[in-house]
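Residue numbers (the working numbering): 1 to 92.
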Amino acid sequence: MVAAGVAVTRIDSRCIEIAARYEESIAQLDQLCARTDLEPEALLSALRSRQAAMREYLAALEKIGGTPLVRLRARIAPEEKPQPTDDPWASI
């Protein structure tokens, strides 16, 4: 969000935490789905859980402006990046 120029405030921290938890859950479900020793029913259940988590995650991101499409619709443009200078000390 910061790289896209979205001003992240203190109130956003909870939303970012929730998004990170979704990321973690989806990664765990990916690992579970990659296992070759799962019964077909267990694999189907894991795939359905992953799909549901992805839907919920994307809905949550849309609410906080965490997707490029939402930012585009809201006309949130990234801040201009500073122009490079010849001063070697400028980046410090």
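All C-beta atoms in this analysis are idealised placements derived from N, C-alpha and C, irrespective of residue type, glycine included.
Residue i (DSSP reduced to helix, strand or coil)
| i | result |
| --- | --- |
| residue 37 | coil |
| residue 50 | helix |
| residue 70 | helix |
| residue 86 | coil |
| residue 64 | coil |
Outcome for residue i when other beta-carbon atoms lying within 10 angstroms are tallied against a minimum of 16
| i | result |
| --- | --- |
| residue 34 | exposed |
| residue 29 | buried |
| residue 132 | Residue 132 falls outside the range modelled here, since the chain spans only 1 to 92, and no answer is possible. |
| residue 59 | exposed |
| residue 42 | exposed |
| residue 7 | exposed |
| residue 74 | exposed |
Inter-residue Cα distance where the pair is residue i and residue j
| i | j | result |
| --- | --- | --- |
| residue 14 | residue 53 | 18 angstroms |
| residue 65 | residue 71 | 6 angstroms |
| residue 25 | residue 86 | 45 angstroms |
| residue 39 | residue 50 | 17 angstroms |
| residue 36 | residue 48 | 17 angstroms |
| residue 11 | residue 56 | 20 angstroms |
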